[in-house]
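Oh and the sequence shown: position 179 is 179 in my numbering, straight run, nothing missing.
Glycine included, each C-beta is placed from N, C-alpha and C at the ideal position.
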Amino acid sequence: MNEILAFVGRPFTVMSVGAGRLFLLFWETLRMTFVPPFRFRLFIKQIEFIGVNSLSVIILTGSFTGMVFAFQSYIGFSKFGAEYLVGTVVTLGMARELGPVLSAIMVAARAGSAITAEIGTMKVTEQIDALSSLAVDPVQYLCVPRILAGIFVMPLLNAIAVFCGTVGGVFVGVYILGINKTLYLDNMYRYIDLSDFMNGMIKSVVFGLLVTLVGCYKGYYTSGGAEGVGKATTESVVLACILILVFDYILTAFMF
């Protein structure tokens, strides 16, 4: 009986401890954000690393997602003679869901994993302990610039992904599938409001926080040498993607 209880309770205990540590790190990061000094140079460096260096993958992901979505929408709508609605569906899908979610997943895979690996390497080589010995708060030095940069750049990356997806949808719908350009664009403008884009931007802010927070958390609590760094990096990407999908549903339920 004790073995059964241990088998059931161990995963729950691990999840509870992890959730508690994640929340405490978030709270400490929030507190240290308003404690001087603010390391503006590190903040700009992380904007370049998380945002600028992710542009290529965001542009490719957004463009081909919009193009594929236009193809699939056309196949479905052509059965009912409603091909002119392809532009509306593609733009709505990109603005509300696909843009924020896919851009966040791409950033989690590229930048979130790198954040975990960098901080995790510092942890196992005792560089974080060295920071503490020099009276430098590790959370303020390592986590605050990365999390603030993630919150700042994710809406911008989302906007680029939505734009590229919309352009890709227009290219496929109008110039490849032969949908009337006037009908395509007119319906796209008619049924889409600014609120659709704003809701997607709100999601991207939350996703930017999640990706960088999880990356810092997994790196900060890394142990076990090089093997531990690799394990933490993998867990970081998986956990970030899961949280993105979970919070996407929660935010969608409240917004729409």
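Close beta carbons around residue i, own chain, < 6 Å, minus the five adjacent residues each side
i, result
"L209", "I151"
"T88", "N187, M188, Y191"
"G169", "G66, A70, V90"
"A232", "T116, G120, K218, T222"
"T33", "V144"
"V162", "M94, A95, G99"
"S63", "C164, G168"
Through-space distance from residue j to residue i, alpha-carbon basis
i, j, result
"G228", "T222", "6 Å"
"F207", "Y249", "12 Å"
"I50", "L251", "23 Å"
"M67", "Y74", "11 Å"
"A135", "T29", "17 Å"
"G178", "F77", "14 Å"
"G47", "N180", "Reading the sequence as shown, one finds Ile at residue 47 and not Gly. Computed Cα separation, rounded: 41 Å."
"D137", "F43", "16 Å"
"M198", "S56", "23 Å"
"D129", "K123", "8 Å"
"G225", "E126", "11 Å"
"V257", "I59", "Beyond the ends of the chain as shown, which are 1 and 256, falls residue 257; an answer cannot be given."
"T24", "Q140", "It should be noted that the sequence gives Leu, not Thr, for residue 24. Cα to Cα, L24 sits roughly 14 Å from Q140."
"T61", "L194", "23 Å"
Local conformation of residue i per DSSP, three classes
i, result
"F34", "coil"
"Y141", "helix"
"I244", "helix"
"D193", "coil"
"A70", "helix"
"L177", "coil"
"S113", "helix"
"E126", "coil"
"G224", "coil"
"L134", "coil"
"R39", "coil"
"G99", "helix"
"T215", "Sequence inspection shows Gly at residue 215; the Thr mentioned does not correspond to that position. Reduced to three states, the DSSP call for G215 is helix."
"A161", "helix"
"A82", "coil"
"G208", "helix"
"G51", "coil"
Sequence-distant residues of the same chain with beta carbon closer than 8 Å to residue i, five excluded per side
i, result
"L22", "L213, V214, Y217"
"V211", "A104, V107, A108, A111, G112, G150, M154, A240, I244"
"R146", "Q46, I50, I115, T212, G215, C216"
Own chain residues within Cβ distance below 7 Å of residue i, not counting five before or after
i, result
"N158", "G99, P100, S103, G200, M201, S204"
"G93", "F69"
Below-7 Å beta-carbon distance, residue i vs any chain C residue
i, result
"S195", "Annotation note: the requested chain C is absent from the structure, which comprises a single protein chain."
Practice task
Tell me, please, whether the region 169-176 touches the region 68-83 by the rule of three or more beta-carbon pairs shorter than 8 Å.
Solution key: yes
Practice task
Answer yes if the region 236-243 comes into contact with the region 51-58, meaning at least three C-beta pairs across the two stretches below 8 Å, and no otherwise.
Solution key: no
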